[in-house]
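Read the sequence shown against the UniProt record's numbering and you will find it ends at 523, with the numbers running on by one and no gaps.
Step one of this worksheet: look at the structure below.
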Amino acid sequence: MTSFNLASLLEGTTEQHADRDAIIFGDTRLTYAQVNGAANQIANLLVSRGIQPGDKVALSCPNLPYFSLVYYGILKAGASVVPLNVLLKGREVAYHLADSDAKAFFCFQGTPELPIGAEGHAGFSETDACEHFFMITADPAAESPIEGTETMGRAMAQQPPTFETVQTDEDDTAVILYTSGTTGQPKGAELRHRNMRDNALAGADLFGASAERPDTYLCVLPLFHSFGQTVIQNGAFAFAGTVVMLPRFEAQPALDLMLREEVTFFAGVPTMYWGLLGALTPETDVSALAANLRVAAAGGSALPVEVHKDFQKKFGVTILEGYGLSETSPVASFSPYGEEPRVGSIGTPIPGVEMKLISPEPGDWSDIEDTGPDAVGEIAIKGHNIMKGYYGRPDATDESIRDGWFRSGDLGRKDEDGWYYIVDRSKDMIIRGGYNVYPREVEEVLMSHPDVSLAAVIGVPHDSHGEEIKAVLIMNEGSTTTEDEIVAWAKEQMAGYKYPRIVQFSKDLPMTATGKILKRELS
1 MTSFNLASLL
11 EGTTEQHADR
21 DAIIFGDTRL
31 TYAQVNGAAN
41 QIANLLVSRG
51 IQPGDKVALS
61 CPNLPYFSLV
71 YYGILKAGAS
81 VVPLNVLLKG
91 REVAYHLADS
101 DAKAFFCFQG
111 TPELPIGAEG
121 HAGFSETDAC
131 EHFFMITADP
141 AAESPIEGTE
151 TMGRAMAQQP
161 PTFETVQTDE
171 DDTAVILYTS
181 GTTGQPKGAE
191 LRHRNMRDNA
201 LAGADLFGAS
211 AERPDTYLCV
221 LPLFHSFGQT
231 VIQNGAFAFA
241 GTVVMLPRFE
251 AQPALDLMLR
261 EEVTFFAGVP
271 TMYWGLLGAL
281 TPETDVSALA
291 ANLRVAAAGG
301 SALPVEVHKD
311 FQKKFGVTIL
321 EGYGLSETSP
331 VASFSPYGEE
341 PRVGSIGTPI
351 PGVEMKLISP
361 EPGDWSDIED
371 TGPDAVGEIA
381 IKGHNIMKGY
391 YGRPDATDES
401 IRDGWFRSGD
411 LGRKDEDGWY
421 YIVDRSKDMI
431 IRGGYNVYPR
441 EVEEVLMSHP
451 DVSLAAVIGV
461 PHDSHGEEIK
471 AVLIMNEGST
481 TTEDEIVAWA
491 KEQMAGYKYP
501 RIVQFSKDLP
511 MTATGKILKR
521 ELS
């Protein structure tokens, strides 16, 4: 047994750099000592409410300092963090809480436009096993906006700022990240403490990260997602960096923060880079932005060649592309820092990780025989970053992992120097603005509408989001429901990034002889 708790990243840096800024949000600046002390209070709170090592604790919070305080507090208590997408509706929250066996739930109050707290409490109220609900309020001293609920601020105020972190095994589950794959309900990927630690520490090799030369990271990637959580939050804390938080990506505010806080590290999905370039004006001090920026990293979907070239030209920094999944903690490959990038490539496997191409046929794990630059196969990954498995789903785990190798579901090729390229994503998965959308889940919700007989959901090209979600529906005979009414109804049933903005009614759908819908024939 090797003892290690992911919270050690925060504690180790606090010991060495207690007074250094850890988090900046607006006019709020929190040192490492303050973040560590608040996380200790959260840990004490959880223990006082009966949370045991190994229990699951859910967290729904946008990019605010509270996310990190609660995240590390849960880890310190020896529990596992279950980050939830802040866009989930009540029915979706209830599913995630029940599926993860969460015993407690920290939920930000949200805004009138995004009522995270109301949706979160609605989901909490539908579950029996989750015993504690803590509303995170913008003002820690404020009362909860939902009568009868306890606020985190008031509950933790009574707790001491010191705590002896629970010693966990490095193979214990630190985080459960939900991902659907390409079919069925979302599954929780169990990531070990060592998975998350090693992926965060890989920043030294990937980006030249160092506590002696700490970076200032602009955090626009959502922290509930693996990319933002590992590359930004955990990566920064591992190397004494400063995280500048922006709850929602907007290009102009992002540029303003990059200038004001002298940001050296930016990571985002391709649409964010597209947005930054589009927000530049003749008055923008691009030279100052370029002078500060040391690293630009991209993932989530393919980066358009023109965006890559324009950013290099205007900022003087080459965007490094990478690849990974929630199941791989997430980084599996990256364009090596300091080397000439190959536009369109996801780089090479990071240290301690292997990749290869296997047969894309389900159940066939054989390596493809032809390894030339034009050979295409499903990308398989092996290394320190591979998840423990899908929580409570041994069959799904066995389908995805064999002999340490994880099937990505993505088709790729490899050039003669070992650089990988994505040829196609999983057959049905849609990537909208960097978020994975799984058609089967959306189809099941749409078919719960009383007037919908059959649904097929596909992705169609979109200038800014990469892909937009389109639903082709066969309606029940006699239905008077309009396409716009379906869109409005779906918006109420699903998270904002999931519901279809485009709905088309059809009399039939193209199918194979076995009754499988031929989605490639839809557009």
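Using N, Cα and C, we set each Cβ at its ideal position, and we do this for glycine too.
What you are looking at is a predicted structure, and each value in this text was computed from that prediction instead of being measured.
Check: From residue 204 to residue 122, what does the alpha carbon distance come to, in whole angstroms?
Finding: Translated into the one-based positions of the sequence shown, residue 204 becomes position 204. Translated into the one-based positions of the sequence shown, residue 122 becomes position 122. Taking the straight line from one Cα to the other gives about 42 angstroms.
Margin query: Which residues does DSSP list as the beta-bridge partners of residue 192?
Written below: Stepping through the sequence shown from its first residue, residue 192 is reached at position 192. Partner(s): 173.
Checklist line | Buried versus exposed call for residue 158 [16 or more other C-beta atoms within 10 Å across all chains shown] | finding: Residue mapping note: residue 158 aligns to position 158 of the sequence shown, counting from 1. Exposed.
Next item on the list: Output the distance between the C-alpha atoms of residue 526 and residue 500, rounded to the nearest integer angstrom.
Entry: The displayed coordinates of the chain run from 1 to 523. Any statement about residue 526 would go beyond what the structure contains.
Margin query: For the beta strand (DSSP E) containing residue 457, name the first residue and the last one.
Written below: Taking the sequence shown and counting its residues from 1, the one referred to as residue 457 is at position 457. Counting along the chain, the beta strand (DSSP E) containing residue 457 begins and ends at 452 to 462.
Note to self: Runs of 4 residues minimum, wholly inside the stretch 334 to 402: which ones carry the alpha helix (DSSP H) assignment?
What the structure shows: 394 to 400
Checklist line | Any alpha helix (DSSP H) of 4 or more consecutive residues that is wholly inside the stretch 208 to 266 | finding: 235 to 238, 251 to 260
Next item on the list: With a threshold of 16 other CB atoms inside 10 Å of the CB of residue 436, please say whether the residue is buried or exposed.
Entry: In the sequence shown, counting from the first residue as 1, residue 436 sits at position 436. Looking at its Cβ environment, which holds 16 or more other Cβ atoms inside 10 Å, residue 436 is buried.
Next item on the list: Would you identify the three-state DSSP class for residue 132, choosing helix, strand or coil?
Entry: Taking the sequence shown and counting its residues from 1, the one referred to as residue 132 is at position 132. Strand, per DSSP.
Notebook entry, point to check: Nearest to residue 249 by alpha carbon, out of 242, 274, 239, 230?
Noted result: Position 249 of the sequence shown, counted from the first residue, corresponds to residue 249. Ranking the options by Cα distance to residue 249, first place goes to 274.
Next item on the list: Out of 234, 472, 107, state which residue places its alpha-carbon closest to the alpha-carbon of residue 331.
Entry: Position 331 of the sequence shown, counted from the start, is the residue given in the question as residue 331. The shortest C-alpha separation from residue 331 is found at 234.
Next item on the list: Sort 366, 498, 476 by Cα distance to residue 506 and report the nearest one.
Entry: If you number the sequence shown from 1, residue 506 lands on position 506. The residue with the shortest Cα to Cα distance from residue 506 is 476.
Notebook entry, point to check: Going by DSSP, which residues form a beta bridge with residue 405?
Noted result: Locating residue 405 in the sequence shown gives position 405, where the first residue counts as 1. 402.
Next item on the list: Starting from the Cα of residue 26, find the closest Cα among 131, 108, 244 and give me that residue.
Entry: The residue given as residue 26 occupies position 26 in the sequence shown. Ranking the options by Cα distance to residue 26, first place goes to 244.
Note to self: Checking 8 angstroms against the spacing of the C-beta atoms, do residue 6 and residue 174 come in under that value?
What the structure shows: If you number the sequence shown from 1, residue 6 lands on position 6. If you number the sequence shown from 1, residue 174 lands on position 174. Yes.
Item checked: Run of the beta strand (DSSP E) containing residue 105, from where it starts to where it stops -> Your numbering for residue 105 matches position 105 in the sequence shown. Residue 105 -> beta strand (DSSP E) spans 102 to 108.
Notebook entry, point to check: Do you know how far the Cα of residue 430 is from the Cα of residue 517?
Noted result: Translated into positions along the sequence shown, residue 517 becomes position 517. Translated into positions along the sequence shown, residue 430 becomes position 430. Distance between the alpha carbons of residue 517 and residue 430: 16 angstroms.
Notebook entry, point to check: Cβ of residue 388 within 8 angstroms of Cβ of residue 404?
Noted result: As a working mapping, residue 388 is identified with position 388 in the sequence shown. As a working mapping, residue 404 is identified with position 404 in the sequence shown. No, they are not a contact pair.
Next item on the list: Quick one: residues in its chain with C-beta nearer than 6 angstroms to the C-beta of residue 120, no 5 flanking neighbours on either side, listed in chain order?
Entry: As a position in the sequence shown, residue 120 is number 120, starting the count at 1. Answer for residue 120: 60, 93, 107, listed in chain order.
Notebook entry, point to check: What does a CB cutoff of less than 6 angstroms around residue 265 pick up in its chain, not counting 5 residues either side in sequence?
Noted result: Position 265 of the sequence shown, counted from the first residue, corresponds to residue 265. Counting only Cβ-Cβ distances below 6 angstroms, and skipping sequence neighbours, we find 215, 217, 295.
Next item on the list: Please state whether DSSP places residue 522 in a helix, a strand or coil.
Entry: To locate residue 522, count along the sequence shown from 1; it is residue 522. The answer is coil: DSSP assigns residue 522 none of H, G, I, E or B.
Notebook entry, point to check: With burial defined as no fewer than 16 other Cβ atoms inside 10 Å of the residue's Cβ, what is the status of residue 468: buried or exposed?
Noted result: Within the sequence shown, the letter at position 468 stands for residue 468. Per the 10 Å Cβ criterion, buried.
Check: Name the DSSP beta bridge partners of residue 295, please?
Finding: Your numbering for residue 295 matches position 295 in the sequence shown. Beta-bridge pairing links residue 295 to 265.
Next item on the list: Quick one: give me the first and last residue of the alpha helix (DSSP H) that residue 39 is part of.
Entry: For this step, residue 39 is matched to residue 39 along the sequence shown. Residues 32 to 48.
Next item on the list: Give me the Cα-Cα distance between residue 181 and residue 95, rounded to the nearest whole angstrom.
Entry: Stepping through the sequence shown from its first residue, residue 181 is reached at position 181. Stepping through the sequence shown from its first residue, residue 95 is reached at position 95. The predicted position of residue 181 is uncertain, since its pLDDT is 49 and thus under 50; a value taken from the coordinates is nonetheless stated next. Cα to Cα, residue 181 sits roughly 16 angstroms from residue 95.
Next item on the list: With DSSP collapsed to three states, give me the class of residue 315.
Entry: Locating residue 315 in the sequence shown gives position 315, where the first residue counts as 1. If DSSP states are grouped into helix, strand and coil, residue 315 belongs with the helices.
Checklist line | Which of helix, strand or coil DSSP assigns to residue 124 | finding: One-based indexing of the sequence shown puts residue 124 at position 124. Here residue 124 sits in helix by DSSP.
Checklist line | Spatial distance of residue 344 from residue 300 (CA atoms) | finding: By 1-based counting over the sequence shown, the position of residue 344 is 344. By 1-based counting over the sequence shown, the position of residue 300 is 300. Rounded to whole angstroms, residue 344 and residue 300 show a C-alpha spacing of 13 angstroms.
Margin query: So the candidates are 88, 132, 115, 16; which of them puts its Cα closest to the Cα of residue 46?
Written below: Along the sequence shown, read from residue 1 onward, the residue named residue 46 stands at position 46. Answer by Cα proximity: 132.
Check: Can you give the Cα-Cα distance for residue 324 and residue 333, rounded to whole angstroms?
Finding: By one-based count along the sequence shown, residue 324 stands at place 324. By one-based count along the sequence shown, residue 333 stands at place 333. Whole-angstrom Cα-Cα distance: 7 angstroms.
Note to self: If contact is defined by three or more beta carbon pairs under 8 angstroms, each pair taking one atom from either stretch, is the stretch 51 to 65 in contact with the stretch 266 to 286?
What the structure shows: no
Notebook entry, point to check: For the beta strand (DSSP E) that contains residue 508, what are its first and last residues?
Noted result: Mapped onto the sequence shown, residue 508 falls at position 508. It is not in any beta strand (DSSP E) - residue 508 carries neither H nor E in the DSSP assignment.
Note to self: Tell me which residue opens and which closes the beta strand (DSSP E) that residue 21 is part of.
What the structure shows: To locate residue 21, count along the sequence shown from 1; it is residue 21. First-last of the beta strand (DSSP E) with residue 21: 21 to 25.
Check: Going by DSSP, which residues form a beta bridge with residue 320?
Finding: The sequence position of residue 320 within the sequence shown is 320, counting from 1. For residue 320, which the question treats as bridged, DSSP gives the partners 297.
Notebook entry, point to check: Nearest-angstrom Cα distance between residue 56 and residue 351?
Noted result: Translated into the one-based positions of the sequence shown, residue 56 becomes position 56. Translated into the one-based positions of the sequence shown, residue 351 becomes position 351. Between residue 56 and residue 351, the C-alpha separation is close to 30 angstroms.
Check: Below 8 angstroms between beta carbons: does that hold for residue 423 and residue 407?
Finding: Along the sequence shown, one-based indexing puts residue 423 at 423. Along the sequence shown, one-based indexing puts residue 407 at 407. No. Outside cutoff.
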